[in-house]
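Enquirer: Once you've had a glance at the structure underneath, I'll fire off some questions.
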Amino acid sequence: MNRERRNIEGEDSLEATHRGRFFRKKVCMFCHDPNLKVDYKDGKALLAFVNTDNGKILPRRITGMCAYHQRRVSNAVKKARILALLPFSSVQMKWR
Numbered sequence: 031m032n033r034e035r036r037n038i039e040g041e042d043s044l045e046a047t048h049r050g051r052f053f054r055k056k057v058c059m060f061c062h063d064p065n066l067k068v069d070y071k072d073g074k075a076l077l078a079f080v081n082t083d084n085g086k087i088l089p090r091r092i093t094g095m096c097a098y099h100q101r102r103v104s105n106a107v108k109k110a111r112i113l114a115l116l117p118f119s120s121v122q123m124k125w126r
């Protein structure tokens, strides 16, 4: 059985699917710049790590943060929500 697969145009499928798709690995912005600190009192800075549609905390694969700083940011967002610096959700419920 031929292990090399070809697509419709006759090109190798591996070359055709990966052509032009080079992604740069995201770097943790807090590790990169030591002057940046995670602070629960800075609500505007924490909004960058919260989804604008539903208010959920963005995951590491989206933000590119390391595990250490992702935990710190998630705890800071939770503290800011308790202190009413950030909303729990951005969706307004309409009552009938």
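My numbering numbers the first residue of the sequence shown as 31 and each following residue consecutively.
Idealized CB from N, CA, C, for every residue including glycine.
A quick note: this is a predicted structure, and the numbers were derived from the prediction, not measured.
#1: Could you work out which residue in Gln100, Lys108, Phe52 is closest to Cys61 when comparing CA atoms only?
#2: Does the Cβ of Val70 have 16 or more other Cβ atoms within 10 Å, making it buried, or fewer, making it exposed?
#3: Quick check: what's the CA-CA separation for Val68 versus Ala106?
#4: Kindly indicate which three-state DSSP category Val80 falls into: helix, strand or coil?
#5: From Met59 to Lys124, what does the alpha carbon distance come to, in whole angstroms?
#6: If you check the beta carbons only, do Gly85 and Phe118 fall under 8 Å apart?
#7: Mind checking whether Leu115 and Val80 have CB atoms under 8 Å apart?
#8: Considering just the uninterrupted stretch of the alpha helix (DSSP H) at Ile92, what are its terminal residues?
Expert: According to the structure shown:
#1: On the sequence shown, position 31 is the one that residue 61 refers to. Measuring from the Cα of Cys61, the nearest candidate turns out to be Gln100.
#2: For the purposes of this step, residue 70 is identified with residue 40 of the sequence shown, where counting begins at 1. The amino acid at residue 70 is misidentified as Val; the sequence shows Tyr. Taking every protein chain shown into account, the CB of Tyr70 has 16 or more other CB atoms within 10 angstroms, so this residue is buried.
#3: Taking the first residue of the sequence shown as position 1, residue 68 is located at position 38. Taking the first residue of the sequence shown as position 1, residue 106 is located at position 76. One C-alpha to the other measures close to 7 Å.
#4: As a position in the sequence shown, residue 80 is number 50, starting the count at 1. Strand at Val80.
#5: Here residue 59 is taken as the residue at index 29 of the sequence shown, counted from 1. Here residue 124 is taken as the residue at index 94 of the sequence shown, counted from 1. Looking at the two C-alpha atoms, the distance is approximately 38 Å.
#6: Indexing the sequence shown from 1 puts residue 85 at position 55. Indexing the sequence shown from 1 puts residue 118 at position 88. Taking 8 Å as the Cβ cut-off, Gly85 and Phe118 qualify as a contacting pair.
#7: In the sequence shown, residue 115 corresponds to position 85, counting from 1. In the sequence shown, residue 80 corresponds to position 50, counting from 1. Contact flag unset, no.
#8: In the sequence shown, counting from the first residue as 1, residue 92 sits at position 62. Counting along the chain, the alpha helix (DSSP H) containing Ile92 begins and ends at 90-93.
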